[in-house]
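FYI, numbering that gives the first Met the number 0 numbers position 128 of the sequence shown as 127, with every residue one higher than the one before it.
Beta carbons: idealized from backbone N, C-alpha and C, even for Gly.
Fair warning: this is a prediction, and the values are worked out from it, not measured in the lab.
Below is one structure, written out as structure tokens; comments come after it.
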Amino acid sequence: MKVRRKKRLLSAISVLAIFMLFLAGSSLHPVKKAELEGMITVAHRGASGFAPENTMAAFQKGLELGADFLECDVQLSKDNELILIHDLYVDRTTNGQGSVRQFTLKELKQLDAGTSFHPSYAGETLITLDELLKEFYGKIGILIEVKHPALNKGIEEKIVKLLARYPDLESIVVQSFDVNVLKRIHELNSDIQLGVLINGSFIPMSTKYIDELTSFAAYINFNVSSLDKRTVDQIRKRNCKVLVWSKKDKRLIQKAVLYGADGVITDFSRWPVDQEVFMEME
Ligand code: G3P
Ligand code: CA
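Shown next as structure tokens:
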């Protein structure tokens, strides 16, 4: 008897949980144009839904689509040059094989970084952070993510040295999942705006941690799956911005608006018609 009652209780809890999940999902209404006013849009790895990520083609596309920032991933080559590539290995996005750090800049430049996205991009190459800045500084914001810092010793100094060539740093932000990397950059040049990428396991964030991060960061950025309304409110109260990123989650824009974020980092950088783009991609 007791077992049956327990089973009934468990199924009632499951039904309630499913209903709550349904309610949570249905609160994401289609976004109205007015709600998008002032939202920051960031082309993730360039407009990487349209062109090979972290290449000139993707960055040009991001600019063309009207994004506010171009996001890029930076690492060091074997000869310590700042190269834009996301993975530790070149295999997924180029025709080469091996870790990025095995290749000199000259060797990385010989790789084809376009064909794996689409044969029409054959011949597209990897580019340096210097090339990105030379082409886009002053035209659009640049959001630089420092990748794999443990394997790229000294990358902070290289970035700070490169950015020193640009007197107005208003349109540049450096972000990382690694808080120590950001603290090091802050020590080297406190004028550089910083963004902390939050690992989902830190959610919800304690007030103490929010205070610590917002003491030096201008942005705190979350994946759409680990967004928490209370945390967003707390961060924004401290004059810090919140960006939300996702590669393909269709609820990105609705959730960003609903949670009061300042902007989105997306592969689909056309704004504010992302939702139409999503439909085309289905
Ligand atoms: O800008 C946020 C996002 O780029 C972090 O993830 O893996 O795409 O570099 P990932
Ligand atoms: Ca990135």
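Quick check: what's the CA-CA separation for residue i versus residue j?
{"i": "Val172", "j": "Asn238", "result": "16 Å"}
{"i": "Leu226", "j": "Phe135", "result": "31 Å"}
{"i": "Gly37", "j": "Ile154", "result": "33 Å"}
{"i": "Pro166", "j": "Val89", "result": "33 Å"}
{"i": "Glu106", "j": "Gly48", "result": "26 Å"}
{"i": "Tyr258", "j": "Lys228", "result": "5 Å"}
{"i": "Asp67", "j": "Leu212", "result": "24 Å"}
{"i": "Phe102", "j": "Glu80", "result": "10 Å"}
{"i": "Ser200", "j": "Val223", "result": "13 Å"}
{"i": "Ile139", "j": "Leu64", "result": "11 Å"}
{"i": "Ile39", "j": "Lys60", "result": "17 Å"}
{"i": "Glu169", "j": "Lys77", "result": "31 Å"}
{"i": "Pro148", "j": "Ile264", "result": "21 Å"}
{"i": "Asp261", "j": "Leu35", "result": "10 Å"}
{"i": "Ser25", "j": "Ile209", "result": "At Ser25, the pLDDT of 44 sits below 50, so the modelled position is not reliable and the matter cannot be decided from this model."}
{"i": "His185", "j": "Ile82", "result": "22 Å"}
{"i": "Thr206", "j": "Asp129", "result": "38 Å"}
{"i": "Leu187", "j": "Lys157", "result": "11 Å"}
{"i": "Ile143", "j": "Ser98", "result": "20 Å"}
{"i": "Gln109", "j": "Gly137", "result": "29 Å"}
{"i": "Leu104", "j": "Thr127", "result": "9 Å"}
{"i": "Pro118", "j": "Asn94", "result": "12 Å"}
{"i": "Arg250", "j": "Leu125", "result": "31 Å"}
{"i": "Lys236", "j": "Ala163", "result": "31 Å"}
Please work out which residues of its chain come closer than 8 Å, Cβ to Cβ, to residue i, disregarding the five sequence neighbours upstream and downstream, and give them in chain order.
{"i": "Ala56", "result": "Gly45, Ala50, Gly113, Tyr120 and Glu123"}
{"i": "Ala217", "result": "Val172, Gln192, Leu193, Gly194, Cys239 and Lys240"}
{"i": "Thr92", "result": "Pro51, Glu52, Asn53, Ile84, His85, Asp86, Ala112, Ser115 and Phe116"}
{"i": "Ile141", "result": "Phe68, Leu69, Cys71, Leu131, Leu132, Phe135, Ser170, Ile171 and Val172"}
{"i": "Leu22", "result": "Low per-residue confidence applies at Leu22: pLDDT is 41, beneath 50, and the placement is therefore not dependable, though the value from the model is reported in the following sentence. Result list for Leu22: empty, nothing under 8 Å."}
Which whole-angstrom value is the C-beta distance of residue i and residue j, which I expect to be below 8 Å?
{"i": "Val195", "j": "Ile219", "result": "5 Å"}
Could you pull out every residue in the same chain whose Cβ sits closer than 6 Å to the Cβ of residue i, ignoring the five residues on either side in sequence?
{"i": "Phe221", "result": "Ile197 and Val243"}
{"i": "Lys146", "result": "Asp72 and Gln74"}
{"i": "Thr230", "result": "Pro203 and Met204"}
{"i": "Leu181", "result": "Ser175 and Leu193"}
{"i": "Leu132", "result": "none"}
{"i": "Asp248", "result": "Val223"}
{"i": "Asp177", "result": "Pro148"}
{"i": "Lys246", "result": "Asp266"}
Using the beta-carbon count (16 or more within 10 Å), is residue i buried or exposed?
{"i": "Asp266", "result": "buried"}
{"i": "Asn179", "result": "exposed"}
{"i": "Ala42", "result": "buried"}
{"i": "Leu69", "result": "buried"}
{"i": "Leu150", "result": "exposed"}
{"i": "Gln233", "result": "buried"}
{"i": "Ser214", "result": "exposed"}
{"i": "Leu20", "result": "With a pLDDT of 42 at Leu20, under the threshold of 50, the modelled position of that residue is not reliable, and no figure is offered here."}
{"i": "Ser189", "result": "exposed"}
Using a Cβ-Cβ cut-off of 7 Å (strictly less than) and excluding sequence neighbours within five positions of residue i, which residues of its own chain qualify?
{"i": "Lys254", "result": "Leu27, Val223, Leu226 and Val243"}
Is there at least one non-hydrogen atom of ligand 3 closer than 6 Å to the beta-carbon of residue i?
{"i": "Glu70", "result": "Ligands present in the displayed structure are limited to ligand 1 and ligand 2, and ligand 3 is not among them."}
For this session: Any chance you could list the residues with Cβ under 5 Å from a heavy atom of ligand 2, keeping chain order?
Result: Asp72 and Glu144
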